[in-house]
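**Student:** My questions all concern the structure below.
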Amino acid sequence: MSLWWVKKDELDEAQIALIEDLSLEGSYLVVGPPGCGKTNVLLRRAQFVRAQGFPNVEVLTFTRPLTEFVKTGCVDEQGREIFPRNRVSTIESWARSLYRAHHKSLPDDEPNLAEWKRTMAKGVKSLSKGSPVPRYDALFVDEAQDLLQEEVEAVLAWTDTAFFVGDDRQKIYGESAGLTPIRNALPGANQKQLKFHYRLAPEICRAADRVLIPEGQQSLAATCHYRGPSPSRVNVEPNPMAKADQVSLAIERLKRQVRVFADFLDRGDRIAVITARTADRDCVFERLLQDPTLGDQVQLLRARTAEERDYDPTVAADRPICVLTAKGSKGLEFRTLHWLFADELSHHHTREEYYTVLTRAKTSMDIYYTTSLPGVLAGAAIPQDTPTW
């Protein structure tokens, strides 16, 4: 089992209470900072509810990489399935399955993806009325801050017991209204908070706190209970570099990191190489794949396209270096992270997106750029050897 998943004796009292002590009826929202265990709580709550005699449950996530990572928590250390892996899917896959179950065609394609998703969600909601398909005993939704209003309504139409987890600071899709629709739909007593986090090293907390501070809440640094190796770091390259040179430098660091963190990688930790563009992601993956030292340790994390029926998105346990996009990193965690070409698409990135990528790293992070360091990142970390004046 990956280090992402913790045993019961490693959870704190607040986390255990959210798993075991909440009523089996009614819907809940759990919020908290990166690394506070929201996804652990979500999956273990689903496992717990199912064991109480409610088998018709589903865990819904936002991206294919996150779905595949969550599936790694469905087996215990002996390899026994403790939650059905085929009951974990993306929101979109779940919606598509309901259209198929009702023998309905999907909405026509639209230029605006958000509008297509809205139409799809409205259809899912309408299918719940008088449906021969039983409603769910419970639905569990991760990364709920990026749900559209219509998607929230669709989830609530299909169950009386929804369990949402999220964090508004990690909202990366601009069309979403954040957690507001969920808060408006639930009584205040059913909205819970996890205050402490255990994943992020202090240096990463401080960098992320310079990007976003939660309204009315404490900073990440103030609530940090980091459990991991030291020293940690956030390294920003002092100068711009050509893309090929960035990849070469990252490769040299990766070779060192797979040795330094070998024990953690053997226990399921991962290293991330992140880009903004999918084309860059694919090029970097090919470059790493050709390296004689790293080639057999690299995997590409992405969704299956409509033409790729044979493509297997499963996360390979024996390939710890994961190449993916910034949006694809949503909800994931990595021992170390390399953010290549960090100035690409900077005019599109929000503070929430920068915050999300920064907080994917547990212990160390390296940031590289081609032309100029984006202002938000320049305000979050200082390159090494910067002259004092």
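Residue numbers for the sequence shown follow my numbering, beginning at -7 and rising by one. For each residue, glycine too, the CB sits at the ideal point set by N, CA and C.
#1: To the nearest angstrom, report how far apart ALA6 and VAL62 are at their CA atoms.
#2: Under a Cβ-count criterion, where at least 16 other Cβ atoms within 10 Å of its own Cβ denotes burial, should ASN104 be classed as buried or exposed?
#3: With ASN227 as the anchor, note down where its alpha helix (DSSP H) starts and where it stops.
#4: Give a yes or no on whether the C-beta atoms belonging to THR82 and THR64 are separated by under 7 Å.
#5: Classify GLY287 as buried or exposed, calling it buried when 16 or more other Cβ atoms lie within 10 Å of its own Cβ.
#6: Less than 7 Å between the beta carbons of ALA372 and VAL203, yes or no?
#7: Secondary structure at MET233, three-state DSSP: helix, strand or coil?
#8: Taking the DSSP output, what are the residues bridged to HIS339?
#9: From the DSSP secondary-structure annotation, give me the bridge partner or partners of ILE263.
#10: Would you tell me roughly how many angstroms separate the C-alpha atoms of ARG352 and THR317, rounded to the nearest one?
#11: Thinking C-alpha only, which one of PHE132, LYS109, MET357 is nearest GLU385?
#12: Could you spell out where the alpha helix (DSSP H) holding ASP255 opens and where it closes?
#13: Does the region 341 to 357 come within contact of the region 214 to 224, defined as at least 3 CB pairs closer than 8 Å?
#14: Using DSSP bridges, identify the partner residues of THR82.
#15: DSSP state of ALA169, grouped into three classes?
#16: Quick one, which of SER364, GLU12, PRO26, GLU17 has its alpha-carbon nearest PHE188's?
#17: Please state whether DSSP places LYS184 in a helix, a strand or coil.
#18: Could you give the DSSP three-state label for TYR128: helix, strand or coil?
#19: Whole alpha helix (DSSP H) runs in the region 109 to 160 with 4 or more residues, listed along the chain?
#20: Could you tell me the alpha carbon to alpha carbon distance between ARG198 and LEU365, rounded to whole angstroms?
**Tutor:** According to the structure data:
#1: 21 Å
#2: exposed
#3: Taken as a continuous stretch (DSSP letters only), ASN227 belongs to no alpha helix (DSSP H), being part of the beta strand (DSSP E) at 225 to 228.
#4: no
#5: exposed
#6: yes
#7: coil
#8: According to DSSP, which records beta bridges pairwise, HIS339 is partnered with nothing at all.
#9: ILE313, THR328
#10: 12 Å
#11: In the structure displayed, the chain extends from -7 to 381; residue 385 sits before or after that span and is not available.
#12: 254 to 258
#13: yes
#14: THR53
#15: coil
#16: PRO26
#17: strand
#18: strand
#19: 141 to 149
#20: 18 Å
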